[in-house]
Amino acid sequence: MANNPWWRGAVIYQIYPRSFMDSDGDGIGDLPGIIDRLDHVARLGVDAIWVSPFFRSPMHDYGYDIADQCDVDPMFGTLGDFDALLAKAHGLGLKVMIDQVFSHTSIEHAWFQESRASRDNPKADWYVWADAKPDGTPPNNWLSIFGGPAWKWEPRRRQYYLHNFLSSQPDLNFHNPDVQQATLDYVRFWLDRGVDGFRLDSINFCFHDPALRDNPAKPEALRLGRGFSPDNPYAFQYHWYNNTQPENIGFIEQLRALMDGYTDVAALGEISSEDSLATTAEYTSAGRLHMGYSFELLVDDFSAGYIRGTVERLEAAMTEGWPCWAISNHDVQRAVTRWGGADASDDFARQMIGLVCTLRGSVCLYQGEELGLPEADVPFEQLRDPYGITFWPNFKGRDGCRTPMPWTADAGAGFSTGTPWLPIPDAHRARSVAGQETDDGSVLAAARRFLHWRRARPALVVGDQQFLDAPEPVLASVRAGDGARVLSVFNLSNAPVDWPLPEALAGARPLDGHGLAAAVLDAGVVRLPAHGVLFADVD
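Position 218 (the sequence shown) corresponds to 792 in our numbering; numbering is contiguous.
Structure below.
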């Protein structure tokens, strides 16, 4: 792995700043808080951190509505605090990736304030503006993923502006070269500051169809959302025209050309399109993004067949690029609950980390996965997420995965001396970092053990992957690289399973020390306990 770029096969730990650690008692996490707790992250054995938005923002979408891409919001700290975070992370051997939100800004951004003022100012064409239809209705049928039409009337211009998300998140007009250049300029600002890479939010949403054609209706049977539920009207359309336009490729190539002027940096694109796997393959081919990930494993299906099929479909399409996988993040229900149910075992939580880190690609682990945190049940009156408030009670939004990190078991969970911005459930305090630190049988101990164990095996970090035929609930594959072959076999159920080892693998030698519920290889049969795993060297 000596010549392997750091990001290829990296484990990237996602930090949601509002909920990681509060240093000043206001109930909201901040950059100094991250610095205080960064040693915990480094001890896990991850390679990098991804810090979700900390930029100046009115926080209508909790940081993904940016009012200034080159400044830190005062609730999170200062640019000096960010520089200190960068230095601390690098001193611990951690790379630092930060979010970039290209497709839209906050309604409070200076660019939008100028653009909305008239039709003839210097930034009049920096956002997507369109005249009303003769009857006063919006220009077309495009819908916002957060509910309702994707157009809002602006009386100053007597026009509608486009917003694919909240109405306070107007979409930039990337058909304007000045917008593209301004975006590259603030990317350069952070590269010059020393960041190691970017996670690119909704990267396929930068461009829209300039003809503003209506999206066609989608049959009810095909309304399978990724990041939205089938009963969201957004699922009722094929999104052929409001995102994933061909012009996006040219801009991605400009971005890559800029980044290639820096040493050892990487771009990870978040992609949600009509065929996210195909778009991921397209966006990560030569001269484009370094990595891409989608919502394909952030869904309810947890069958071995679905996981295998998803990975194989991407592998078949991705002839040049590099994938990244995640099973939890700040936008979806935590995997322990989503896949394991209300009473998921610790062995299940351990297995989830091992499973995602065994797929070919890089990995994003979300804060709290190393503790086996379940989804928090946030009552309606304490919801903060506008998405959840709009679609409650069928969809409770994203607050359940965004509750503060439990560092201790006390009332504030060691997160804040004030009132946390979201409630911390008792079930999370019971799984605190402090409580698991001294327990060698804890999920935290297993996560650390596994991540360090994986790091020492190049085949699991950068090797190819070939899946083996196995019945549900068994997921089996061989990773091969650097002269080694490693067999992995996962029992995705809560009951013991026996699986006859294929004859071609008869010489497999079990590996120990990985920290997961270990299977036994007995006379050619893999005997897997509930949520058990076999790792073995293969000649």
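Quick reminder that beta carbons are idealized off the backbone N, C-alpha and C, glycines included.
Between Ala983 and Phe594, the alpha-carbon positions lie close to 15 Å from each other.
Non-local C-beta neighbours of Thr854 in its own chain, meaning closer than 6 Å and more than five positions away in sequence, comprise Ile845, Gly866 and Ser868, ordered along the chain.
The stretch 1003 to 1011 makes contact with the stretch 967 to 982; the number of CB pairs closer than 8 Å reaches 3 or more. Measuring C-alpha to C-alpha distances from Ile823 to each of Gly861, Trp896 and Ser1016 identifies Gly861 as the nearest. Ser850 carries a helical assignment under DSSP once its states are collapsed to helix, strand and coil.
Arg1053 is not a Cβ neighbour of Leu1079, given a cutoff of 8 Å. In the three-state reduction of the DSSP assignment, Asn1065 falls in the strand class, which pools E and B.
Buried is the label assigned to Tyr587, since at least 16 other Cβ atoms lie within 10 Å of its Cβ. Contact between the stretch 761 to 775 and the stretch 812 to 821 is absent: fewer than three C-beta pairs spanning the two stretches fall below 8 Å. Beta-carbon to beta-carbon, Phe1064 and Ile927 are separated by about 12 Å, too far to satisfy the 8 Å threshold.
Per DSSP, the unbroken alpha helix (DSSP H) holding Gln754 starts and ends at Pro751 to Arg767. Counting along the chain, Met865 sits inside the beta strand (DSSP E) bounded by residues Met865 to Ser868.
Under the rule that a run must span 4 or more residues, the alpha helix (DSSP H) segments found entirely inside the stretch 642 to 714 read 653 to 665 and 684 to 689.
A straight line joining the alpha-carbon of Ala900 with that of Ser850 spans about 14 Å. Counting C-beta pairs with one atom in each stretch, the stretch 947 to 963 and the stretch 1087 to 1101 have fewer than three that are closer than 8 Å, which means they do not touch.
Put simply, the backbone Cα of Asp875 is about 8 Å away from that of Ile881. The beta carbons of Arg1059 and Val1112 sit closer together than 8 Å. With contacts defined as CB atoms closer than 8 Å, Leu872 and Asn903 qualify as a contacting pair.
Taking 4 residues as the minimum length, the alpha helix (DSSP H) runs contained wholly in the stretch 949 to 1006 are 960 to 965 and 1000 to 1003, in order along the chain. Lys707 is classed as exposed because its beta carbon has fewer than 16 other beta carbons within 10 Å across all chains shown. Separation of the CB atoms of Val675 and Asp770 is rounded to 18 Å, and the pair is thereby denied contact status at 8 Å. When Cβ pairs closer than 8 Å are counted between the two stretches, the stretch 714 to 731 is seen to touch the stretch 791 to 811, the count reaching three or more. Taking 8 Å as the cut-off, the beta carbon of Leu1102 is found no closer than this to the beta carbon of Pro1076. The residue from Val1099, Pro1047, Leu939 and Tyr961 with its alpha-carbon nearest to that of Tyr590 is Leu939. Within the stretch 852 to 928, the runs of alpha helix (DSSP H) at least 4 residues long that lie entirely inside it are, in chain order, 878 to 891 and 909 to 914. Taking the CA atoms as reference points, Tyr638 sits about 8 Å from Thr679. If the five residues before and after Pro994 are omitted, its C-beta is found closer than 7 Å to the C-beta atoms of Gly601, Pro978 and Gly986, all from its own chain and listed in chain order. Our two residues, Arg1083 and Asn738, have alpha carbons roughly 52 Å apart in a direct line.
By the 16-neighbour rule on beta-carbons within 10 angstroms, Phe763 is exposed. Counted as a single uninterrupted DSSP element, the alpha helix (DSSP H) harbouring Trp1027 occupies residues Val1017 to Arg1029.
Proximity of the stretch 728 to 736 to the stretch 693 to 705 meets the contact definition, three or more beta-carbon pairs being nearer than 8 Å. Given a length threshold of 3 residues, each whole run of the beta strand (DSSP E) inside the stretch 578 to 602 is given here in chain order: 585 to 589.
A distance below 6 Å between beta-carbons, with the five flanking residues on each side excluded, links Val906 to the following residues of its chain, in chain order: Leu872. With fewer than 16 neighbouring CB atoms inside 10 Å of its own CB, Arg732 falls in the exposed class. Between Leu605 and Leu659, the gap from beta carbon to beta carbon is short of 8 Å.
Excluding residues up to 5 positions away in sequence, Leu618, Ile927, Val1017, Leu1018, Ala1021 and Arg1022 lie with their Cβ nearer than 8 Å to the Cβ of Glu944 in the same chain.
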